[in-house]
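A.B. asks: My questions all concern the structure below.
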Amino acid sequence: MTDVKHVAVLLADGFEEGEAVVFIDIMRRLDIKVDVLSCMETTTLNTYFETKISADYVLADKFDTTYDAVMMPGGPQGTDNLSANINVIAFLKRHIEANKYICALCSSGAKVLAAHHLLQGRTYTTGDKLAEKFDDGKFVKQKVVVDGQFITGRGLGVSFEFAFTVARYLLADNHQKVDWQASHIYFDHWPLDNQ
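Under UniProt numbering, the residues of the sequence shown are numbered 1 to 195, in order.
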């Protein structure tokens, strides 16, 4: 039996709830363990569209845990809050150094990763025009981009493609499970053309 993969989802007030929930849902359907971590002082979070969502832990509780992947959704205020949090940046740097997957959806690719020069010139995607504000990374206009350990997606509309791509890398020895789950939920846009 293979080891269960373990993913951290980093949330801060103002995060895009649709992006987070779709990702968490797909991971858990595929038996990938998810810890939802609040990067605020409490597990109760304020989302972009005021949906009531609570995290499993605050980041401080799990700061020293090493995950197989770290995911961040978008949301204008949410990514500002992630980017301004020194513990978030330290947590990401540690996972980058450990060669774990760094998975950024929507604005988090630009406003967290590129803003802190964490991409180190890698190819990525993010929401429209955000990449123009930062000199790190090479922006490409694709739904999902994989460059080494970095997996990035454009935004809410590609949440499923993004989640299944992350799952495909985490479950590299069991693509059939990922493909079956995509079919099971009637997701017709899988696999992606560029995979």
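All C-beta atoms in this analysis are idealised placements derived from N, C-alpha and C, irrespective of residue type, glycine included.
1) So what's H6 in DSSP terms, helix, strand or just coil?
2) Pull up the distance between the alpha-carbon of D80 and that of K93, whole angstroms please.
3) Does the separation of the CB atoms of I32 and V9 fall below 9 Å?
4) Buried or exposed: Q176, going by 16 or more other Cβ atoms within 10 Å of its Cβ?
5) Taking the alpha carbon of L113 as the reference point, which residue from A163, A167 and P73 has its own alpha carbon closest?
6) Can you tell which of G153, V158, S108 and G148 has the C-alpha that lies nearest to the C-alpha of F134?
7) Which residues does DSSP pair with Y124 in a beta bridge?
8) Can you tell me whether F134 sits near the ligand MG, meaning its C-beta is under 8 Å from at least one heavy atom of the ligand?
9) What is the rounded straight-line gap between the Cα of Y186 and the Cα of W180?
10) Tell me, to the nearest whole angstrom, how far the beta carbon of K138 is from that of G121; I am working on the premise that it is less than 8 Å.
11) DSSP three-state label for M1, please.
12) I need the boundaries of the beta strand (DSSP E) containing K52, first residue and last residue.
13) Considering only the alpha carbon of each residue, which of A55, E132 and G127 lies closest to V144?
14) Rounded to whole angstroms, what is the Cα-Cα separation between E41 and K129?
15) Between which residues of its own chain and N46 is the CB-CB distance below 6 Å, once the five residues before and five after are set aside?
16) What did DSSP end up calling N46 once you bin it into helix, strand or coil?
17) Please classify A131 as buried or exposed, where buried requires at least 16 neighbouring CB atoms within 10 angstroms.
C.D. replies: To lay it out plainly:
1) Three-state DSSP puts H6 in a strand.
2) D80 and K93 have their C-alpha atoms some 17 Å from each other.
3) Going by C-beta atoms, I32 is not nearer than 9 Å to V9.
4) Looking at its Cβ environment, which holds fewer than 16 other Cβ atoms inside 10 Å, Q176 is exposed.
5) Cα-wise, what sits closest to L113 is P73.
6) Taking only the C-alpha atoms, the option nearest F134 is S108.
7) When DSSP reads this structure, Y124 sits in a beta bridge with F139.
8) Inclusion of the ligand MG in the displayed structure is not the case, the ligand content being empty and no account of it being possible.
9) Taking the straight line joining both Cα atoms gives about 10 Å.
10) With 8 Å as the limit, K138 and G121 qualify as a contact, their Cβ atoms being about 7 Å apart.
11) Summary for M1: the model assigns pLDDT 49, below 50, so the residue's position carries little reliability; its value from the coordinates is reported in the next sentence. M1 carries a coil assignment under DSSP once its states are collapsed to helix, strand and coil.
12) K52 -> beta strand (DSSP E) spans K52 to S54.
13) With distances taken between Cα atoms, V144 lies closest to G127.
14) Cα to Cα, the separation comes out at about 31 Å.
15) Around N46: D13.
16) Here N46 sits in strand by DSSP.
17) Around the beta carbon of A131, 16 or more other beta carbons sit within 10 angstroms, so the residue counts as buried.
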